[in-house]
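The numbers in numbering that gives the first Met the number 0 rise by one with no breaks, and the one at position 517 of the sequence shown is 516. The structure appears right after this line, and notes come after that.
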Amino acid sequence: MDKLSATLRKDEIKMVDNKAFDLVIIGGGITGAGIALDAASRGLKVCLFEKQDFAQGTSSRSTKLVHGGLRYLEHLEFGIVRAVGRERKIVHENAMHVVLPEKMILPIIENGSLGEFTTNLALKMYDFLADVKREEQRKMLSKEETIEAEPLLESDKLKGGAMYYEYKTNDSRLTIEVMKKAVEYGAKVFNYSEIFEYIYDNNSKVIGVKFKDLLSGLDYSVYGKYVVNATGIWVDKMRKLDDKKAEKRLHITQGIHIVVPKTKLPLKHSIYFDVGDNRMVFAIPRFDVVYIGTTDTDYDKNMESPDIELKDVQYLIDAFNNISPKANLKLEDIESAWAGMRPLIHEEGKAPSELSRKDEIFYSDSGLISIAGGKLTGYRLMAKKIVDIVKKRLKKEHGIEIGNCITKDIKLAGGEFPFKYSMIRLIEYADNMYDEAKQTGIDVNEFKKIFYRYGTNTEKITNKAFEYYNEEKNTKKAWLKAEIWYVVNHEAALRLTDYFIRRTGMIHFHIKDIEPIKLMAADIMQEFLGWTDEEKQGNIDEMNEELKRATNFL
Ligand SMILES: Cc1cc2nc3c(=O)[nH]c(=O)nc-3n(C[C@H](O)[C@H](O)[C@H](O)COP(=O)(O)OP(=O)(O)OC[C@H]3O[C@@H](n4cnc5c(N)ncnc54)[C@H](O)[C@@H]3O)c2cc1C
0 MDKLSATLRK DEIKMVDNKA FDLVIIGGGI TGAGIALDAA SRGLKVCLFE KQDFAQGTSS
60 RSTKLVHGGL RYLEHLEFGI VRAVGRERKI VHENAMHVVL PEKMILPIIE NGSLGEFTTN
120 LALKMYDFLA DVKREEQRKM LSKEETIEAE PLLESDKLKG GAMYYEYKTN DSRLTIEVMK
180 KAVEYGAKVF NYSEIFEYIY DNNSKVIGVK FKDLLSGLDY SVYGKYVVNA TGIWVDKMRK
240 LDDKKAEKRL HITQGIHIVV PKTKLPLKHS IYFDVGDNRM VFAIPRFDVV YIGTTDTDYD
300 KNMESPDIEL KDVQYLIDAF NNISPKANLK LEDIESAWAG MRPLIHEEGK APSELSRKDE
360 IFYSDSGLIS IAGGKLTGYR LMAKKIVDIV KKRLKKEHGI EIGNCITKDI KLAGGEFPFK
420 YSMIRLIEYA DNMYDEAKQT GIDVNEFKKI FYRYGTNTEK ITNKAFEYYN EEKNTKKAWL
480 KAEIWYVVNH EAALRLTDYF IRRTGMIHFH IKDIEPIKLM AADIMQEFLG WTDEEKQGNI
540 DEMNEELKRA TNFL
């Protein structure tokens, strides 16, 4: 397996059956992907299983920021601010097509929890701890400057503001780019493959797993010197599968985001604002929409397909109208929404928003290693911790020596640009690619969407688009087919929802563009994946369900 291809999957699964690996990873979110890359790049034989699509758990449902964790300052967690703040620079440099700087405005309002003094102090500490680049360091703003920067913030309550930087990302794309790189280093990774049982030796030590290929319904086994449980909100369930007496360690909370077209909410900048109940909320413009989030409420319902409750949608609408009475946002302005669940570490007596976002490792008597909590931003450091543990055990228990972590210097798939980050150089690079691509008639904005999804791999899609364009002279179809060809053959997209949700994020940012191409996309996937008509219809029905879930609030 040197590429993550849906068409090779069936044979690859048969090839791993009953085989032995150094490390078996359960869970294909950002945590599992990061561990796979770290371990494979240190030379370990790695096999990873994901029961849904890659990133279909929390890793496609976040606020989509690679951020230094200003919030940790409130909890006086200086070590985390330092580590995570510095880490965002590394994540950005290794994947600059999907992790880009974003100017943020933090409005200061009368009777808000953040005064001018505390905001200035917190951001100053943040600049220092996170080693923020000079040009991205905080700038305090007067009331007039704040309104000039973001006219929608004008209100009697506004006292001033601050400007600082976060990094925006596309969480599922980041996860998939990490996963693809792990595959380049030799990892075997499978989506739609669920672990349902552990395999033990005579000493009750876990030495492997049984998994079901959810597409064929067939069961297989693989063996591993070590097994890591990186299943996010399912970590407790997978610990219990190993040990019925394992105690609950997670506290699951839900966070939703609402999406509003820019025509209804013409926000110029991202803002991070005080809600008045000790919580802060982001509003982030992206393409033709603005998304606002998030909430933080206890959750114990459907983990795989969370619904969105009307009261949470209303909470975000009210929060935004409070900071921007001018916006006068209404329920009918909301185009769609998404919900995700946080795998937080349980702390007795604490409310959701008081819980730390730190990660934690749990060790089971069987040798199973579990990891949960944390953030997208710290995924590389979480992976390093796990593989360092494996390194120690390998030496002690098997006399095998492996090297230290090298992922700091590994460019992720699509991030292999021949220059160090500069926005100007990145734009020049994209412009040069567009100069060629435009001969197929593609619009510059459509091309940009592709470029900021696939980075340096855009070239492969462009070459295919030329091929298809030369056959039919249909620009739209040529590019749709080329992109689907890429995600099927290089990103293991197996279902229509994989394309519209985790590979492109269209369901969040361009939901209105889905309907006109949905059936064409289904026909193309049918051609590439050999679906029967019944299977194609099943995929369309599933996509319709997802569209309903994103637009109907309970
Ligand atoms: C609303 C919200 C906003 C957030 N915003 C941010 C943000 O802006 N920035 C940031 O850095 N972090 C953010 N986070 C946190 C971040 O998204 C999570 O920490 C991260 O995505 C967790 O990744 P994970 O891989 O541990 O879990 P997941 O992504 O959930 O991955 C676990 C995977 O395990 C799979 N699995 C479960 N059981 C099995 C099994 N039996 N066999 C095989 N596979 C299995 C699941 O299907 C799942 O895909 C946010 C979280 C939420 C909920």
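Built from N, CA and C at the ideal position, the CB exists for glycine as well. A quick note: this is a predicted structure, and the numbers were derived from the prediction, not measured.
Which of helix, strand or coil DSSP assigns to glutamate 353: helix
Any 3 or more C-beta pairs closer than 8 Å across the region 237-253 and the region 86-102: no
Start-to-end residues for the alpha helix (DSSP H) that takes in proline 515: 513-528
Member of Gly373, Leu64, Arg424 and Ile360 whose CA lies at the smallest distance from the CA of leucine 354: Gly373
Local conformation of alanine 492 per DSSP, three classes: coil
Completely contained alpha helix (DSSP H) runs for the region 104-137, where each covers 4 or more residues: 115-128
Glycine 31 CB to nearest heavy atom of ligand 3 below 7 Å: Of the ligands this structure carries, namely ligand 1, none is ligand 3.
As assigned by DSSP and simplified to three states, the class of threonine 531: coil
8 Å Cβ cutoff met for isoleucine 34 and isoleucine 24: yes
At least 3 beta-carbon pairs within less than 8 Å: the region 426-446 vs the region 380-395: Using a Cβ-Cβ distance cut-off of 8 Å, the region 426-446 and the region 380-395 are not in contact, since fewer than three pairs of beta carbons, one from each stretch, lie closer than that value.
Beta-ladder partner(s) of alanine 282, from DSSP: Ile270 and Ile291
Segment contact flag, the region 44-57 with the region 177-188, C-beta cutoff 8 Å, min 3 pairs: yes
Beta bridge counterpart(s) of glycine 372 as assigned by DSSP: The beta-bridge partner set that DSSP reports for glycine 372 consists of Asp358.
Span of the beta strand (DSSP E) around arginine 341: Taken as a continuous stretch (DSSP letters only), the beta strand (DSSP E) holding arginine 341 covers 335-344.
Nearest to isoleucine 257 (by Cα), restricted to the options Lys244, Gln313 and Phe210: Taking each of Lys244, Gln313 and Phe210 in turn and checking the Cα distance to isoleucine 257, the smallest one comes out for Gln313.
Leucine 43 (DSSP reduced to helix, strand or coil): coil
Residue burial classification, threonine 294 (beta-carbon count within 10 angstroms, cutoff 16): buried
Distance between serine 203 and isoleucine 506 (C-alpha atoms, nearest Å): 45 Å
Where serine 162 falls: helix, strand or coil (DSSP): The question names serine, yet the displayed sequence has methionine at residue 162. Methionine 162: strand per DSSP, three-state reduction.
Environment of aspartate 299 [buried if 16+ CB atoms lie within 10 Å]: exposed
Glutamate 196 - containing beta strand (DSSP E), residue span: 192-199
8 Å contact criterion, which alanine 371 and proline 342 should meet: CB distance rounded: Yes, they are in contact, since the Cβ atoms of alanine 371 and proline 342 sit about 5 Å apart, within 8 Å.
Cα-Cα separation between valine 208 and leucine 217, rounded to whole angstroms: 14 Å
Cutoff 7 Å; reference serine 141; Cβ partners in own chain excluding five residues on either side: Gly159
Beta carbon of lysine 187 nearer than 8 Å to that of valine 15: yes
Neighbourhood of leucine 69 by C-beta distance below 7 Å, restricted to the same chain and skipping five residues each side: Within the same chain, Ala121 and Tyr125 come within 7 Å of leucine 69 by CB-CB distance, once the 5 residues on both sides are set aside.
For alanine 19, the three-state DSSP class (helix, strand or coil): Alanine 19 falls in the strand class under three-state DSSP.
Methionine 302 - DSSP class collapsed to helix/strand/coil: DSSP places methionine 302 in coil when its eight states are reduced to three.
Contact test: valine 65 Cβ vs ligand 1 heavy atom, cutoff 7 Å: yes
CA nearest to the CA of lysine 247, picked from Asp155, Glu347 and Gln536: Glu347
Burial state of phenylalanine 281 (16 or more Cβ within 10 Å): buried
Meets three-Cβ-pair contact criterion under 8 Å: the region 476-487 and the region 449-456: yes
Supposed close pair phenylalanine 552, alanine 326 - CB separation, criterion 8 Å: Actually they do not touch by this definition, with Cβ atoms about 19 Å apart.
Extent of the continuous beta strand (DSSP E) run through threonine 252: Element bounds for threonine 252: 249-260.
Alanine 39 versus arginine 238 - alpha carbon distance: 24 Å
Terminal residues of the beta strand (DSSP E) in which asparagine 228 lies: 218-228
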